[in-house]
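Note that the sequence shown covers residues 20 to 439 in the numbering used here.
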Amino acid sequence: MSASRENLQLGKDKLIFRDLNAEEEPQVTEIESLCLQCGENGITKLLLTKIPFYKEVVIMSFYCDNCKWKNNELQPASKIQEKGVTYKLKVENSKDLARLVVKTEWASIMIPELEFEIPSQSQGGTVTNIEGIIERACSGINSKLEHLKKEDPDSAAKLEDFLKELTKLRSGDIPFTFILRDCSGNSFLENLCVPLADPQLEVSYFEISREETIMLGIVASSNEESNSKLAETNAQEDLRDEVLDVVIMSTICEVCDYKTTEVKSGSGIEPYGIRATLKIEEHRDLTRDVLKSDTCRIIIKELELDVGSAAFKSRYSTVEGILSTIKEQLTESNPFITGDSADKDRKDKMETLINQIDEIISGQRKVTFIMDDPCGNSHLQSLEGPELDANLTIEKYERTWEQDDELGLLDMKTENYEES
20 MSASRENLQL
30 GKDKLIFRDL
40 NAEEEPQVTE
50 IESLCLQCGE
60 NGITKLLLTK
70 IPFYKEVVIM
80 SFYCDNCKWK
90 NNELQPASKI
100 QEKGVTYKLK
110 VENSKDLARL
120 VVKTEWASIM
130 IPELEFEIPS
140 QSQGGTVTNI
150 EGIIERACSG
160 INSKLEHLKK
170 EDPDSAAKLE
180 DFLKELTKLR
190 SGDIPFTFIL
200 RDCSGNSFLE
210 NLCVPLADPQ
220 LEVSYFEISR
230 EETIMLGIVA
240 SSNEESNSKL
250 AETNAQEDLR
260 DEVLDVVIMS
270 TICEVCDYKT
280 TEVKSGSGIE
290 PYGIRATLKI
300 EEHRDLTRDV
310 LKSDTCRIII
320 KELELDVGSA
330 AFKSRYSTVE
340 GILSTIKEQL
350 TESNPFITGD
360 SADKDRKDKM
370 ETLINQIDEI
380 ISGQRKVTFI
390 MDDPCGNSHL
400 QSLEGPELDA
410 NLTIEKYERT
420 WEQDDELGLL
430 DMKTENYEES
């Protein structure tokens, strides 16, 4: 189920997707629908709402009074993200099994140790935990066993053996790898160490393939994201500080006045990566211009904060602007650290980190601000011009094999590329 942005609002005060509020009566829609188990009619309940600091979703619940069959499902109603996301978790104990998971219908799940995969679109979206996903898979296999025993006893016996191995994972005593891959970019796996990096959890982002864009139903047009009307995109090539060629793109919608800007590198991947280290000691350091590319990560050592390259897209801003964006992303990208149900310890840690960033922005805290870009397409302004800037250090470095592999340089054919 999906809805365009122009249908998400009925007048100024009548929103379809409302925030959950305990003081307000939820707007639940009930529809009589066919039960696929017994053929009689049951009731489907629909709630269009927002998961706090996450996405717009449609929560669906079906119940049949005749056969008592019930089913719950969650479907995303928000925009497809620019990149897909992959979460790779090393499950080591029962605490890991309790990690919360937001899974869309586009997400696939893999457990390599058992060669087990839940394909994309084979299940509806859901909010659960890792144990719940395994339990749902076991339940699905069990429901097919009885029929399979009559049709193919040998296959049923093998499936029973596999079911035993899958069930063992629910104890938390057997370590395994849990991989969640979502081409829509809207799934989420809980980080137990937030706001720090989780040593057991690896998060990576990937470009959506053509086949996946077809599956997602993405239309290849310049539809702006605010109201789905066609908008005009202007692009201009520019030169910043005579260092980097950049393309500044601006999209403006004449219907709703929605505006967005984006900066892309106008040059290719540089021969060397670049690392800019800035000591923020006074207010003028916060006003320095910053060009952050898609491949640039930001590190603040004093806060033990490492913001990955895909946390937010490329932009031309200031140090203060980048810090403000990081502050916003810390809450928006971690839906389970806010609200009444959030773990108090992790919630307190996040609030402490947010306060520390506020102190940097207000000039009360001195820190080291590092921009590390293996593509060499980022830039941090020097306030001293050609003279030596005491607070800023720029260094170039050779990329590692892993960085070249991640950028696709190892698979790139640069000589005789026209040959088959």
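C-beta: ideal position from N, C-alpha, C; glycine also.
| query | With C394 and G292 assumed to form a contact (beta carbons below 8 Å), what rounded beta-carbon distance in angstroms separates them? | reply | 7 Å
| field | As assigned by DSSP and simplified to three states, the class of T48 | value | strand
| field | Check whether L188 and I137 have beta carbons under 8 Å apart | value | no
| message | Is it the case that the region 195-212 contacts the region 121-133, given that we only count it when at least three CB pairs across the two stretches are under 8 Å? | response | yes
| message | For I299 and V266, what's the separation of their Cα atoms in angstroms? | response | 28 Å
| Paired residues, beta bridge with H398 - DSSP | Per DSSP, the beta bridge partners of H398 are L310.
| From L372 to P172, what does the alpha carbon distance come to, in whole angstroms? | 58 Å
| task | Determine the burial state of Q400: buried for a count of at least 16 other Cβ atoms within 10 Å of its Cβ, exposed for fewer. | result | By the neighbour-count rule (16 or more Cβ atoms within 10 Å), Q400 is buried.
| CB-CB under 7 Å to L185, same chain, minus the five flanking residues each way: which ones, in chain order? | Within its own chain, the residues whose Cβ lies closer than 7 Å to the Cβ of L185, once the five positions on either side in sequence are excluded, are L133, F135, I153, A156, C157, listed in chain order.
| said: Let's test the definition: count the other Cβ atoms within 10 Å of the Cβ of R118 and tell me whether it reaches 16, buried, or not, exposed. | reply: buried
| request: Tell me whether E370 is buried or exposed, calling it buried when 16 or more other Cβ atoms sit within 10 Å of its Cβ. | output: exposed
| field | Environment of Q255 [buried if 16+ CB atoms lie within 10 Å] | value | Here Q255 scores only 47 on pLDDT, less than 50, and its place in the model is too uncertain to base an answer on.
| Expressed to the nearest angstrom, what Euclidean distance is found between the alpha-carbon atoms of K64 and D217? | 37 Å
| query | Mind checking N161: buried by the 16 CB within 10 Å criterion, or exposed? | reply | exposed
| query | What residues are listed by DSSP as bridge partners for T205? | reply | Going by the sequence as given, residue 205 is Asn instead of Thr. Bridge partners of N205: none, in fact.
| Apart from the five residues just before and just after T48, which ones in its own chain have a Cβ nearer than 6 Å to its Cβ? | The residues are L65.
| request: Please state if the CB of V338 and the CB of D304 are separated by a distance shorter than 8 Å. | output: yes
| Excluding five sequence neighbours on each side, which residues of the same chain lie with their C-beta closer than 7 Å to the C-beta of T344? | F331
| Candidates T68, Y82, P214, Q46: which alpha carbon is nearest L55's? | Y82
| query | Starting from R440 and walking both ways along the beta strand (DSSP E), at which residues does that stretch end? | reply | Since the first and last residues shown for the chain are 20 and 439, residue 440 lies out of range.
| Rounded to whole angstroms, how far is the Cβ of G144 from the Cβ of Q94, which I believe are closer than 8 Å? | 5 Å
| message | Can you look up F388 in the DSSP assignment and give me helix, strand or coil? | response | strand
| Along the chain, where does the beta strand (DSSP E) that runs through E289 open and close? | First-last for E289: undefined, no H or E at that position.
| field | Cβ neighbours of L164 in the same chain (closer than 7 Å, five flanking residues each side left out) | value | Closer than 7 Å at the Cβ level, and outside the excluded window around L164, lie A175, L178, E179.
| message | By alpha-carbon positions, which one of R365, L215, L402 ends up nearest to L324? | response | L215
| message | With distance defined between alpha-carbon atoms, name the residue in H398, I288, V222 nearest to Y335. | response | H398
| What is the rounded straight-line gap between the Cα of S206 and the Cα of L407? | Looking at the two C-alpha atoms, the distance is approximately 46 Å.
| message | If you measure between the beta carbons of L322 and Q375, is that distance less than 8 Å? | response | yes
| task | Just mark Q159 as buried or exposed, buried being the case when its beta carbon has 16 or more other beta carbons within 10 Å. | result | The sequence given here places Gly at residue 159; Gln does not occur at that position. When all chains shown are included, G159 counts as exposed.
| task | Work out the CA separation of M390 and E289 for me, nearest whole Å. | result | 16 Å
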